[in-house]
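Numbering (this note's numbering), first residue to last: 432 to 695.
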């Protein structure tokens, strides 16, 4: 594939950089073609929130990390987009949370599983990866995503399913799992069905969650429980929608014609 040669002075440098990473992942067999569409849809919602971590997402991240630190058997799910965008951060987050990593794919092929495993092992050759040969199936989920590892998602009490399709989120909740999702679309079924929804770009969310985890690991369990018990996911989603609405109203009430940098 052609080398990424966009100058850092380009106003959309990072957006183009991550698009290039996804193109590479597609070429290397990590990403399904549909993953490109999913990323584009996410970028559209990122525009609406202002391409930054907003306060409701920050609060959701803090509660999510607290819940993961309290978990008996936390698992981070990895698909092609996650492996392409945040392989290093996924492994680092799993380590700081003492969580398992499981490869789980909607468009599952043995070649894709192998490619994703290789990409993660390039970051850490010793990383433990589950989901290579899943032997269990999530009830009432017929897609390939229903195949899970007996020692991973099947056993988990808390599972992180970023960039997720909603049917598995709903099925995992029905199993009694506590589900955390990272989804830029607050209207998606994943966002609405999860116990905690972080409406943010995963390239911002995972690094921030690592920072929060390092901070909260020092806190007593009772303080972590208090953080979790005071959380209302419905309220968070409402706040995200109101943020989008208010931001669009402000933009509509002022000129954006040829403004290089929007004021917020």
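Yeah, the Cβ is synthetic: ideal placement off N, Cα and C, and Gly gets one too.
Hey, residue i and residue j are a contact pair by Cβ (cut 8 Å); roughly how many whole angstroms apart?
i: residue 655; j: residue 632; result: Their Cβ separation, rounded to whole angstroms, is 26 Å, which puts residue 655 and residue 632 out of contact at 8 Å.
i: residue 546; j: residue 459; result: 6 Å
i: residue 630; j: residue 617; result: 5 Å
i: residue 578; j: residue 565; result: 4 Å
i: residue 601; j: residue 624; result: 5 Å
i: residue 658; j: residue 494; result: 6 Å
i: residue 664; j: residue 626; result: 6 Å
Between residue i and the ligand FAD, is there a pair consisting of the residue's CB and a ligand heavy atom that are separated by less than 7 Å?
i: residue 538; result: Judged by which ligands are present, the structure shown has none, so any question about the ligand FAD falls away.
Does any residue of chain C have a CB that is nearer than 8 Å to the CB of residue i?
i: residue 482; result: The chain inventory of the structure shown lacks chain C, comprising one protein chain alone.
Leaving out the 5 sequence neighbours to the left and right, which residues in its chain are closer than 8 Å to residue i when beta-carbon positions are compared?
i: residue 608; result: 584, 587, 588, 589 and 590
i: residue 644; result: 496, 499, 500, 524, 527 and 528
i: residue 576; result: 535, 536, 537, 539, 569, 596, 598 and 599
i: residue 542; result: 460
i: residue 678; result: 479, 480, 481 and 695
i: residue 441; result: 447
i: residue 544; result: 534, 536, 562 and 563
i: residue 687; result: 693
i: residue 635; result: 483 and 484
i: residue 648; result: 500 and 527
Leaving aside the five residues before and after residue i along the sequence, list all residues of the same chain whose C-beta is less than 6 Å from its C-beta, in chain order.
i: residue 461; result: 511, 514, 515, 546, 547 and 550
i: residue 435; result: 451
i: residue 533; result: 506, 508, 561, 562, 580, 583 and 584
i: residue 466; result: 511 and 512
i: residue 503; result: 588
i: residue 567; result: 579, 581 and 585
Consult DSSP for residue i and reduce its assignment to one of helix, strand or coil.
i: residue 439; result: coil
i: residue 612; result: strand
i: residue 545; result: helix
i: residue 461; result: coil
i: residue 579; result: strand
i: residue 690; result: coil
i: residue 467; result: helix
i: residue 567; result: strand
i: residue 395; result: The chain is shown only over 432 to 695; residue 395 falls outside these bounds and no answer can be derived.
i: residue 573; result: coil
i: residue 586; result: coil
i: residue 594; result: coil
i: residue 483; result: coil
i: residue 474; result: helix
i: residue 434; result: coil
For the alpha helix (DSSP H) that residue i lies in, which residues bound it at each end?
i: residue 500; result: 486 to 501
i: residue 521; result: 518 to 528
i: residue 604; result: 597 to 605
i: residue 671; result: 664 to 683
i: residue 659; result: 652 to 660
i: residue 539; result: From DSSP, residue 539 is part of no alpha helix (DSSP H); its letter is neither H nor E.
i: residue 624; result: 620 to 624
May I ask which residues mark the beginning and end of the beta strand (DSSP E) holding residue i?
i: residue 534; result: 531 to 534
i: residue 508; result: 505 to 509
i: residue 643; result: From DSSP, residue 643 is part of no beta strand (DSSP E) but of the alpha helix (DSSP H) over 633 to 647.
i: residue 591; result: 589 to 591
i: residue 627; result: 627 to 629
Apart from the five residues on each side of it in sequence, which residues of its chain come closer than 7 Å, Cβ to Cβ, to residue i?
i: residue 667; result: 487, 490, 491 and 628
i: residue 432; result: 454, 455 and 458
i: residue 606; result: 569 and 570
i: residue 449; result: 516 and 634
i: residue 530; result: 499, 505, 506 and 507
The region 521 to 535 contacting the region 467 to 480, beta-carbon criterion three pairs below 8 Å: no
The region 511 to 519 contacting the region 482 to 489, beta-carbon criterion three pairs below 8 Å: no
Cβ contact check for the region 561 to 575 and the region 611 to 625: 3 or more pairs under 8 Å: no
Sufficient close CB pairs (3 or more, under 8 Å) joining the region 443 to 458 to the region 644 to 662: no
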